[in-house]
Amino acid sequence: MSEKDNSTNSDRTKSGRPFSPVNYSERFQLKSPIQILLLSTVIAVLITLAPLSAFTTLGSSIHHWTSSTSPATGSSTPVDGLLSETARQHAISKCAAIRATPGPSASFFSRDQSDRFEVGTNATLIRNCVIFTGKDNGTDIVRGDILLDKAIVKGLGKVSQRVIDNTPNLTVIDAKGGWVTPGLVDLHTHLGIMSTPILSGAVDLNSNKGPILPYLRSIDGLNTHDDAFELAMAGGVTSVQVLPGSSNAIGGQAFIVKLRKTKDRTPSSMIVEPPYNLKASGGASDDLAPFRWRHMKQACGENLKLYGNRMDSIWSFRQAYNEATRIKLSQDDYCEKVENGLWEELGSDPFPENLRWEMLIDVLRGKVKISTHCYEAVDLDSMVRLSNEFQFPISSFHHAAEAYLVPNTLKRTWGGIPAVALFATNYRYKRESYRGSEFAPRVLADEGIPVIMKSDHPVINSRHVLYEAQQAHYFGLQPHLALAAVTSTPAKAAGLSHRIGILAEGADADVVMWDSHPLRLGATPLKVWIDGILQIPLPAKDGSETHVEIGKGKDGSQWRYPPHTPHWDKERQDAVAWDGLPPLQGRKIDDDYVTFTNVKDVWKRTDVGNIQKTTLLNSSNLQDGDAGVVIVQKGKIVCMGAGCRRAFATSHEIDLQRGSIGPGMMTYGSPLGLEEIASEPSTSNGPPLDAFRQNTPRILDDIGGVIRAMDGLIIAYRSGVTLATTSMAKPIYLAGPESSVIGGLSATFRTGAAHAMERGAVIQDTSALHVVVGRSHPLLKQTSVSTQISGLRRLLYGWELNDRETGVWFRKAAEGIIPLVIEVDSADIMANLLILKADVEDKIGSRMRMVFSGAAEAHLLAKEIGDADVGVILNPARSYPMVWDQKRVLGGPPLTNDTALVQLIDNSVVVGLGVRSAWEARNTRFDVQWAALESNGKISDYDAYNLVTKNLEQLLGIRKIDEDMRDLVAYQGGNMFEFSSKPVAVISPLGGYVNVF
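With UniProt numbering applied, the sequence shown has no gaps in its numbers, which climb one by one up to 997 at the end.
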């Protein structure tokens, strides 16, 4: 929202009452105890006739609404019933303050030094770079140099040699033609108030004190020791908005902070432009200082169910804004008298204010940038109506899964069009998000609605917010808008685009230098500055700069440009036409030959499972129309290369545009096939029982209650991922109270099958035995680790009889007949499990097939894991220290030279990659490509394919899959590892068809 718009909002409420509900609290001035008692009696009667939740806010607010307004600061005892001179001056300054328009002062743009400058910081000149400035909607690109001094940008493009010569203590860096951007801005995080690793004493996300809490402030809970600050900077993120949680209609005040640790080491010193009334210095606030934007979190929809339904939530908003309107109007009346010198009419009354409602009063004056958590059309519509009823602007809607379906509704928001902050592909995990679409960013952009990509950290690691922008670009968002979506657009929505999210003379010196174009998958910061101070690479303990190898293999010219991405016009139109639920199955061709043309190469599995590539198109035969031809008959390749077109007459032809055909990938680790909507119990298999905390039902007649994933199988479809192995095992930190030590038996199935009884749908109904070992959930008391390992030892020693499922399958695991897959992250616990493995093998003379899944700290004992012949499934592929068991992750470039994946492979460990959530399965090929890029050339394309094919099959006990069972995926415009490619068909030998999307 522009400053002009907000100024207009304030003007429209100065002289007259805005459209609002009847001000009953203004009509009935509740001053006497009798009046208060009467109203309390009426409310008590009403409570007996309606749900308690409907009155939560009103009941909790009566005392505050009926109490007298707080006295004006600085007032003194009135003389002859009139305000003293000191009190009058205070009233004049307060009235001037409420008329102030938020924004930088006139002197800001001529500043020579930032308010965040730290003495002793060297100046920096970055030479020979391509600069994405963030200006002009992301279209402004400058080639040249950039000078950083005194925490601001002092020169951009062609920097005067005279200026350079007159800049002392100058460090010069050659970007070698590489890309430089503003520091990334993540507009939706919970950094610091849901700190990493999550501990029970450091979660300050939501309050249970009521739905309307505008007086709470996220800065009061900000933990400066959050490990995620450093990780986020490693992703190029320099500024974030720290939002309260979404369990309250108004969760409280939010703050934009920079992630570097200041000399003060305090939360207050991290804030970008602290609001005028935040007395960080301990002194009195200056009412006449330029007004700075404030920030607030609102929410609607499912998350508020603690306080009632949607109708309750909107009513709580309306009564809160109604009370704020009453106080605002009384302030306007008061100030009209002050400005006209009518002191006699004011008598001794102080300026009317109430600390409980002052934030909402500023909202009504257009001085607050509101971030509103809303998913569905019904909620977006309600909030837009609310904004018009009380006449206040909404800066941005967040999550907003259905925003792309109702763009005209968003355009009716009072005061101007809000931005929309989105995930790229994280949808369908709950009912509210079920109609979300990867095409939403492009649809909204085409409607003229500003698009922001965000993390909702720790839902997605803030370090990877650029990945959200990369995916948005992949699915159609123009490159300049995709980069702006994590730089200038969120900065503008926060009212801070004069200093962050852009690069211009006078802006803050928050800069990232990249190893490739930022929209290239795997783009990594070479250097990150915040306020002109180098943050990445991390300084060594002695203050020197550490050396981390970054960008190896990215020397080609293509890495300097944004990737070419597929065309998604039809899919985008279908998403809107079908209200977010377009058909996904595709068109099966099973009655004829299918010709694939312009096929660059074909990757196939050999009989022993290795990957073999056949190149059809190269530099010498590109013009040969028959060279890149592949003929498929009933799901099997029958001919490749020259001569095929003449040998086979086909009626179906698919141009792969120098694309590739390769093996379908496998996914593991999510409940894919066992649930449709993660947070909807009615769409899932239900939680398993935990035999370590409760007795199993007699009907099972089995002490461990071993269950089979096959018994709850629901087939799901994902493009490019043709196999899935699913179990009931979930890591403790994700499963919470529904966690179970014994996760049961996994099943492996084809994701493209229509149902479980289709021929070939189930590849293997029993793949591996799964258990979960780890420390207790940070917010729940659960079974101790020692008890978990003791129980596991007993079962593996064979002390449970073989006439029950538990005894049978744990004996098979101990004997190495099936793999024992253990969800575990802590290196300490893994060490104990390696000892347990050796003990069991020594006792019964077997060779166990043990696999660690999750394995966030596996790199710490990679040699021991390799020596013990234990496999590892890194799950997720990019580890994050969510809980204490994962605290010692290996960050990878630009923090460390190696990744956990590289260290494990170097120690001869068989490694596969997994995912945690069903929605992530679709991104498996991006995960693999990213993992290979982070290895600095140590992982080949063949190795990468194995991570999600052969290795997973081996680790999860999938018996030999012959050629008739191996689906192939056809990619248009490139191979599996290229961002330019698009899966367009699955070739299924077992099904005897080609499924075209």
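Just so you know, even glycine gets a beta-carbon here, dropped at the ideal spot from N, CA and C.
Nearest-angstrom beta carbon gap, residue j and residue i [assumed within contact, 8 Å]
i            : j      : result
LEU125       : ILE164 : 6 Å
THR614       : VAL602 : 5 Å
GLY81        : SER348 : 5 Å
GLN192       : VAL272 : It should be noted that the sequence gives Gly, not Gln, for residue 192. Contact doesn't hold; Cβ gap of about 14 Å is too wide.
ALA862       : LEU904 : 5 Å
residue 1029 : ALA320 : Residue 1029 is absent from the structure shown; the chain starts at 1 and stops at 997.
PRO182       : THR487 : 5 Å
THR196       : ASP226 : 6 Å
LYS367       : ARG294 : 6 Å
ASP898       : SER826 : Between SER826 and ASP898 the Cβ distance is about 20 Å, and since that is not below 8 Å, they are no contact.
residue 1001 : ILE550 : The first residue shown for the chain is 1 and the last is 997, placing residue 1001 beyond what the model contains.
PRO244       : LYS158 : Actually they do not touch by this definition, with Cβ atoms about 45 Å apart.
Residue i Cβ short of 8 Å to the ligand MG heavy atom set
i      : result
TYR561 : Only the bare structure without any ligand can be found here, which leaves the ligand MG out of the picture.
8 Å CB neighbourhood of residue i in its chain, flanking five on each side removed
i      : result
SER980 : PRO563, HIS564, THR565, PRO566, GLY973, GLY974
ALA838 : ALA868
ASP590 : LYS634, GLY635, GLY991, GLY992, TYR993, VAL994
ARG431 : GLU302, ILE677, SER679, GLU680
SER462 : ASP186, THR189, LEU191, ALA228, LEU231, ALA232, GLY235, VAL237, VAL240, SER455
ALA507 : ILE152, VAL153, PRO182, HIS498, ARG499, ILE500
MET830 : VAL824, PHE852, ALA855, GLU857, ALA858, LEU861, ILE865
The alpha helix (DSSP H) enclosing residue i, as first and last residue numbers
i      : result
THR238 : Element bounds for THR238: not the alpha helix (DSSP H) but the beta strand (DSSP E), 237–242.
PHE255 : No alpha helix (DSSP H) contains PHE255, which is instead part of the beta strand (DSSP E) from 250–258.
SER313 : 310–339
GLY866 : 862–867
TRP343 : 343–346
PHE749 : No alpha helix (DSSP H) holds PHE749; the beta strand (DSSP E) holding it covers 747–750.
LEU834 : 827–844
LYS570 : 569–577
TYR733 : 732–735
Residues near residue i in its chain [Cβ-Cβ closer than 6 Å; skip 5 each side]
i      : result
ASN122 : ASN169, THR171
GLN782 : SER776
LEU933 : GLY522
SER988 : GLY635, ASP967
GLY282 : Note that GLY282 has pLDDT 48, beneath the 50 cutoff, so the model's placement of it is unreliable and the number below is only indicative. So no residue of the chain qualifies.
ILE314 : SER382
VAL594 : VAL632, HIS652, VAL994
LEU779 : SER200
VAL130 : ARG143, TRP179
Limits of the unbroken beta strand (DSSP E) element including residue i
i      : result
ASP803 : Note, ASP803: premise wrong, no beta strand (DSSP E); not H, not E.
GLY791 : Unbroken run through GLY791 is the alpha helix (DSSP H), 785–796; no beta strand (DSSP E).
VAL994 : 993–996
LEU913 : 911–913
VAL363 : Here VAL363 belongs to no beta strand (DSSP E); instead the alpha helix (DSSP H) covers 358–364.
LYS588 : 587–589
Counterpart residues of residue i in DSSP-defined beta bridges
i            : result
CYS374       : HIS399
CYS644       : Answer by DSSP bridge pairing: none, since CYS644 is not bridged.
HIS770       : GLY744, VAL821
TRP529       : VAL511, LEU534
VAL808       : Per DSSP, none; premise fails for VAL808.
ILE502       : Bridge partners of ILE502: none, in fact.
HIS295       : ALA254, LYS369
ALA756       : Note: ALA756 sits in no beta bridge, so no partner.
ALA724       : THR667, PHE749
residue 1011 : Lying before the first or after the last residue shown, residue 1011 is absent from the chain, which here runs from 1 to 997.
GLN764       : THR748
Neighbourhood of residue i by C-beta, 7 Å cutoff - its chain only, sequence neighbours within 5 removed
i      : result
LYS982 : PRO566, TYR971, GLN972, GLY973
THR425 : GLU438, GLN471, TRP919, ARG922, ASN923
Contact with chain B by residue i, beta-carbon distance below 9 Å
i      : result
ASP592 : The chain inventory of the structure shown lacks chain B, comprising one protein chain alone.
>> At 3 residues or longer, what runs of the beta strand (DSSP E) sit wholly inside the segment 932–988?
In response: You should have 968–972, 982–988.
>> Ignoring anything shorter than 3 residues, give me the beta strand (DSSP E) runs that lie fully in the segment 120–196, in order along the chain.
In response: Taking only runs of at least 3 residues, the beta strand (DSSP E) segments lying wholly in the segment 120–196 are 123–132, 141–149, 152–157, 170–174, 179–182, 184–189.
>> Runs of 3 residues minimum, wholly inside the segment 596–669: which ones carry the beta strand (DSSP E) assignment?
In response: Given a length threshold of 3 residues, each whole run of the beta strand (DSSP E) inside the segment 596–669 is given here in chain order: 611–615, 630–633, 636–640, 652–663, 665–668.
> At what residue ranges does the segment 846–899 contain a whole run of the alpha helix (DSSP H), taking only runs of 4 or more?
Replying inline: When DSSP assignments are scanned along the segment 846–899, the uninterrupted stretches of alpha helix (DSSP H) that are 4 or more residues long and fall wholly within it turn out to be 862–867.
> Residue ranges of each beta strand (DSSP E) run of no fewer than 3 residues wholly in the segment 389–467, ordered along the chain?
Replying inline: Within the segment 389–467, the runs of beta strand (DSSP E) that reach at least 3 residues and sit entirely inside it are, in chain order, 396–399, 419–422, 451–453.
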